[in-house]
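Notes follow once the structure below has been shown.
Protein chains in written order, with full-length UniProt numbering: chain A, 1 to 398; chain B, 1 to 398.
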């Protein structure tokens, strides 16, 4: 039998201007525009291979080695949209194989533990949609493809681009103008790095899908956020990226994370995503910026206790002097820094920071953290020769 | 020498609609009106005796046995206002001793550890002002006196009344219409009880005086709270008290506590008063209300991690079945409940709650709590024969 395959990788993105609230749940249309930084894929990525063949009897998905259902309405939306675009192509060129009528096999793997609580659905749906678009040889632009990914998982639309990405909320009822666009490519501001402090959560958080609608319907402060706070911040943050103004970018990022979590707390009953460790990290970041009398680090928290710290390469020693001092017992350092690098951070702390430091470091903070992930801004989905599907059988290789 | 003395007790009050933000720092004029419940004085009260005599050489204050300064601008405001009112009396009746020109000795004691982190300044300033007004035999109404207490500590104006109290923010620049009024006396709704869970705080919180101005100047959501949320809530909460509608009173109380803490989190840098134990208590209260499918408890948190739970006498066994189950290892139970009472709570939990309970209780929650204070709605400042000042010497007895 002839089996057609295509593969791609897709990145994780971490919002600096948060998506929280849908105006249309079926189409995943947001109540406000958002902005994110796409992270490097050597640290965090989804690899997805797709195959189609006249001989396949049903759509099937293997996720991290396990057969999973494709029944979810969101996944079906994505597959239907992609098949419709393929059908349009086929109707104009009878030489094309009628893939739009064939079943799909999808095999997907993450290179990071989903246990880390890092939203993997964004990378997952972006990879799914981009891989199938590639298989179908669709001519649509990345922004057009992002609308399909958006229907799978809102934030997935931002993972279709690399670098600095905006999700424009749009105003059309059918979502035709709610899409991701590139604010700036990775190459515009390649010095942006990220340190993710994976915080151990005692309990499962409220799922973001239900959590955000709970906020929309119950928070008195939420309307102020989406109507009077975010629209101006959206323009300011885009400009801060275009101007490579880290000071402004960092303040807007920290303010927006706090604003988002404030509307969660203002929900009824309240939703809590940050815990005491998250708050200790927030205070530490402000202490670090105060110590250097300069904004060298920004924190942001998604719908969970994990902290993502953004900083510029030029300030790495200054920041890591503190972060390694506090979190050196946590795993994740050796994969990115040499013994010499780490020694340099420690000596900078001992010789330059400690003598001047006017506050105490929370010595127990590291106990609330399970691991450190050190990464940076990265590109969008990448072609790959690695294929997870056996072209002979159309099934997963492993 | 002839020494004139007067003594009074004054209560603590815990806001159910929060005071957070000043429009005038000198006069303690708030950015929104607030509502509170006055708590019983056998559990929490300040006893203040004042004395004046031609022979006194300086104003002096003994607070909980220690000589303290009276220099603070706020205290001086209170003393000056009271002396001005006394002088007016004297000018109309030459037979009155010219106390307005004499020095004051003030002796004040709390019956609760200030360590508990329960705002004692409200009871303290209310007692100070009421005792001197009594010494001076001022004819002014309690609301008039509350304006003077307000200048000492904003929330102190609410401790001039018992029962259910509103602080009307007023609009005059001189504060002449920013005063406390009685929403309903204790006798209107005497079944209101309060359980205070004193949460051990690792670090000192941001002082509320500086904290609230930080929120006023940096929170994007704060203006929404004071202009569009609190004014309507103020009217609804007063009505819920007049109607004895606990369900509505409780929801408004919980929503307002969350709204206040949300604006703290939205401040930049953010302010955190609630900790993980506070949040566990919030979740427990919602679980309890869900379990009974009825709102039997409301939580509220001031500028610190302590939880104050309001409930009605009729629901005491239902609520305490849970609260004693979780916090039985904490001190404070025996002073209010007999062994039989506590056994009744435990058996209600074992026989009625446990078999039906669909969630787990956080077994470690009690570790974050230092003690339980069980109290209820109470009256305003009380006359007392107990005098802390030796009339012969004009000095503290002890």
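We put the beta carbon where it would ideally sit given N, CA and C, even for glycine.
Excluding residues up to 5 positions away in sequence, 295 and 298 lie with their Cβ nearer than 6 Å to the Cβ of residue 250 (chain B) in the same chain. Between residue 100 (chain B) and residue 84 (chain B), the alpha-carbon positions lie close to 7 Å from each other.
Just measuring C-alpha positions, the residue of A:339, A:344 and A:325 sitting nearest residue 360 (chain A) is A:325. Your pair residue 13 (chain A) and residue 183 (chain A) does not check out as a contact, with CB atoms roughly 12 Å apart and the cut at 8 Å.
Between the alpha carbons of residue 8 (chain B) and residue 287 (chain A) lies a distance of about 45 Å. With contact defined as three or more Cβ pairs closer than 8 Å, the stretch 316 to 332 of chain B and the stretch 343 to 355 of chain B are in contact.
Note on the stretch 137 to 178 of chain B: whole alpha helix (DSSP H) runs with a minimum of 4 residues are 142 to 152, in chain order. With a cut-off of 8 Å on Cβ pairs, the stretch 205 to 221 of chain A is in contact with the stretch 299 to 314 of chain A, counting three or more such pairs. The continuous beta strand (DSSP E) containing residue 47 (chain B) extends over residues 45 to 53. Spanning the alpha carbons of residue 109 (chain A) and residue 376 (chain B) requires a straight line of approximately 59 Å. Exclusion of the five residues before and after residue 271 (chain A) leaves 206, 211 and 264 as the residues of its chain whose Cβ lies within less than 6 Å of its Cβ. By the Cβ criterion, the stretch 361 to 380 of chain A is in contact with the stretch 29 to 48 of chain A, since at least three pairs of Cβ atoms, one from each stretch, lie closer than 8 Å. For the set A:127, A:185, A:255 and A:371, the Cα lying nearest the Cα of residue 330 (chain A) is the one of A:371. Assignment of beta-bridge partners to residue 376 (chain B) by DSSP yields B:193. Apart from sequence neighbours up to five positions away, the residues of its chain that approach residue 22 (chain A) with a beta-carbon distance below 8 Å are 28, 29, 30, 31, 154, 212, 213 and 216, ordered along the chain. Contact with chain B is absent for residue 164 (chain A), since none of that chain's Cβ atoms lies less than 9 Å from the residue's Cβ. Of all residues in the stretch 266 to 285 of chain B, only 266, 268, 269, 270, 272, 275, 276, 279 and 282 come within less than 7 Å of chain A when Cβ atoms are compared, listed by chain position. Look at residue 259 (chain B): its C-beta is under 9 Å from a C-beta on chain A. Look at residue 41 (chain B): its C-beta is not under 9 Å from any C-beta on chain A. Residue 275 (chain B) and residue 364 (chain A) have their C-alpha atoms spaced approximately 15 Å apart. Under the DSSP assignment, residue 310 (chain A) falls in the beta strand (DSSP E) whose first and last residues are 307 to 312. Inclusion of residue 3 (chain B) and residue 386 (chain B) in the CB contact set at 9 Å is not warranted, their separation being larger than that value. Cα atoms of residue 258 (chain B) and residue 280 (chain A): separation of roughly 20 Å, rounded to the nearest angstrom. For residue 105 (chain B), the uninterrupted beta strand (DSSP E) run begins and ends at 103 to 110, by DSSP. Per DSSP, the unbroken beta strand (DSSP E) holding residue 8 (chain B) starts and ends at 4 to 11. In the displayed model, residue 66 (chain A) falls within a strand according to three-state DSSP. Secondary structure at residue 352 (chain B): helix, using DSSP grouped into helix, strand and coil. The beta-bridge partner set that DSSP reports for residue 371 (chain B) consists of B:198 and B:331. Taking 8 Å as the upper bound for CB-CB distance, residue 59 (chain A) and residue 151 (chain A) are not in contact here, some 16 Å apart.
Residues of chain B whose Cβ lies closer than 8 Å to the Cβ of residue 245 (chain A) do not exist, since the nearest Cβ in that chain is about 17 Å away.
Shown here, residue 221 (chain B) sits in coil according to DSSP, grouped into three states, outside any helix or strand.
By DSSP's assignment, residue 19 (chain B) forms no beta bridge with any residue. The DSSP-derived three-state label of residue 79 (chain B) is helix.
DSSP lists B:308 as the beta-bridge partner residues of residue 300 (chain B). Only those residues of the stretch 199 to 229 of chain B whose C-beta falls short of 7 Å from the nearest C-beta of chain A are listed: 220, 221, 224, 225 and 229. For the stretch 284 to 314 of chain B, the set of residues with a beta-carbon nearer than 7 Å to any beta-carbon of chain A comprises 286, in chain order.
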